[in-house]
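The block underneath contains the structure these notes are about, expressed in structure tokens.
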Amino acid sequence: GQSLEQPSEVTAVEGAIVQINCTYQTSGFYGLSWYQQHDGGAPTFLSYNALDGLEETGRFSSFLSRSDSYGYLLLQELQMKDSASYFCAVPQGGGATNKLIFGTGTLLAVQP
Amino acid sequence: DTGVSQDPRHKITKRGQNVTFRCDPISEHNRLYWYRQTLGQGPEFLTYFQNEAQLEKSRLLSDRFSAERPKGSFSTLEIQRTEQGDSAMYLCASSPLREGRKGELFFGEGSRLTVL
């Protein structure tokens, strides 16, 4: 089977840096995605890592270590609007589709 | 608005009733996915279509659930004889056949079902 584990909650202050970890167990691995979901809203795509290393997109970066079955999302210069749930996800079934399996999510609370 | 749209946004029904949700994907997207999300959990995969063909169904999808995409455009998800355990957010997502960005799904805002 497949499973993805994330911390359930993280709290940080405005302007700080926060790291959200994800460890995964999969029968085959093709890449790791990250999604953001505000309360009551649609999940929105943030990033995808297929290879080891750090991918940077503005204030958000995502890291992958395939040998450790581990990745993280790094959020810098936190803003109040970053308060949301963050999910890691992996494609299942060969990666030929975007049929994604999601983790349970991390609720990030940004405090003033 | 060219995003994924879902209707209705909210549905309250009594146990035993049938409900149907509609999803209109992004127009050029060939693949369409249905997910279910309960409070505090990540989205759970239910089924997906490539054009009008339903290519996979999760074991989570009981016989009371049926999904269609008759013309390869919009899709419907019907739940028959609803149970209180069906209360959840039903999310639709789409993606292009040729991968623009791997791992990227475009989600609608969901249809929230409450079964009393």
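Protein sequences appear in the order of chains P and W.
Taking the working numbering as reference, the numbering of the first sequence is continuous, increasing by one, and the terminal residue is 112.
Taking the working numbering as reference, the numbering of the second sequence is continuous, increasing by one, and the terminal residue is 228.
Glycine residues also receive a C-beta, built at the ideal position from the N, C-alpha and C atoms.
Cα-Cα separation between residue i and residue j, rounded to whole angstroms
| i | j | result |
| --- | --- | --- |
| Glu55 (chain P) | Gln166 (chain W) | 34 Å |
| Phe186 (chain W) | Gly15 (chain P) | 42 Å |
| Ser117 (chain W) | Arg134 (chain W) | 8 Å |
| Ala12 (chain P) | Ser61 (chain P) | 17 Å |
| Thr23 (chain P) | Ser139 (chain W) | 35 Å |
| Leu209 (chain W) | Arg181 (chain W) | 16 Å |
| Pro120 (chain W) | Ile191 (chain W) | 14 Å |
| Ala205 (chain W) | Ala109 (chain P) | 26 Å |
| Gln6 (chain P) | Gly103 (chain P) | 7 Å |
| Gly28 (chain P) | Gln92 (chain P) | 8 Å |
| Gly152 (chain W) | Met80 (chain P) | 20 Å |
| Asn98 (chain P) | Tyr70 (chain P) | 20 Å |
| Leu78 (chain P) | Lys169 (chain W) | 39 Å |
| Thr44 (chain P) | Val10 (chain P) | 19 Å |
| Arg66 (chain P) | Leu46 (chain P) | 19 Å |
Any C-beta of chain W under 8 Å from that of residue i
| i | result |
| --- | --- |
| Thr104 (chain P) | yes |
| Leu51 (chain P) | no |
| Phe87 (chain P) | yes |
| Lys99 (chain P) | yes |
| Ser27 (chain P) | no |
| Gly71 (chain P) | no |
Segment limits, beta strand (DSSP E) that includes residue i
| i | result |
| --- | --- |
| Gln111 (chain P) | 106 to 111 |
| Leu73 (chain P) | 70 to 75 |
| Met201 (chain W) | 200 to 207 |
| Leu189 (chain W) | 187 to 191 |
| Lys126 (chain W) | Run containing Lys126 (chain W): none; DSSP gives neither H nor E here. |
| Pro182 (chain W) | Run containing Pro182 (chain W): none; DSSP gives neither H nor E here. |
| Ile20 (chain P) | 18 to 25 |
| Gly53 (chain P) | 53 to 57 |
| Ile101 (chain P) | 100 to 102 |
| Asn49 (chain P) | 44 to 49 |
| Ser139 (chain W) | No beta strand (DSSP E) contains Ser139 (chain W), which DSSP labels as neither H nor E. |
| Tyr30 (chain P) | No beta strand (DSSP E) holds Tyr30 (chain P); DSSP gives it neither H nor E. |
| Leu228 (chain W) | Unbroken run through Leu228 (chain W): none, as it is neither H nor E. |
Buried/exposed call for residue i, threshold 16 Cβ in 10 Å
| i | result |
| --- | --- |
| Met201 (chain W) | buried |
| Asp82 (chain P) | buried |
| Gln129 (chain W) | exposed |
| Pro155 (chain W) | buried |
Proximity test, Cβ basis, 8 Å: residue i and chain P
| i | result |
| --- | --- |
| Phe133 (chain W) | no |
| Gly184 (chain W) | no |
| Ser187 (chain W) | no |
| Gln192 (chain W) | no |
| Phe161 (chain W) | no |
| Tyr202 (chain W) | no |
| Phe177 (chain W) | no |
| Arg127 (chain W) | no |
| Arg171 (chain W) | no |
Cβ-Cβ separation, residue j to residue i (assumed contact under 8 Å), whole Å
| i | j | result |
| --- | --- | --- |
| Asn49 (chain P) | Leu75 (chain P) | 15 Å between Cβ atoms; not a contact. |
| Leu203 (chain W) | Gln149 (chain W) | 6 Å |
| Glu221 (chain W) | Ala42 (chain P) | 5 Å |
| Leu262 (chain W) | Tyr145 (chain W) | Missing from the structure shown is residue 262 (chain W); chain W here goes from 113 to 228 and no further. |
| Thr132 (chain W) | Thr194 (chain W) | No, Thr132 (chain W) and Thr194 (chain W) are not in contact; Cβ-Cβ is about 11 Å, not under 8 Å. |
| Arg143 (chain W) | Ser207 (chain W) | 5 Å |
| Ile101 (chain P) | Phe177 (chain W) | Rounded, the Cβ-Cβ distance is 19 Å, inconsistent with contact. |
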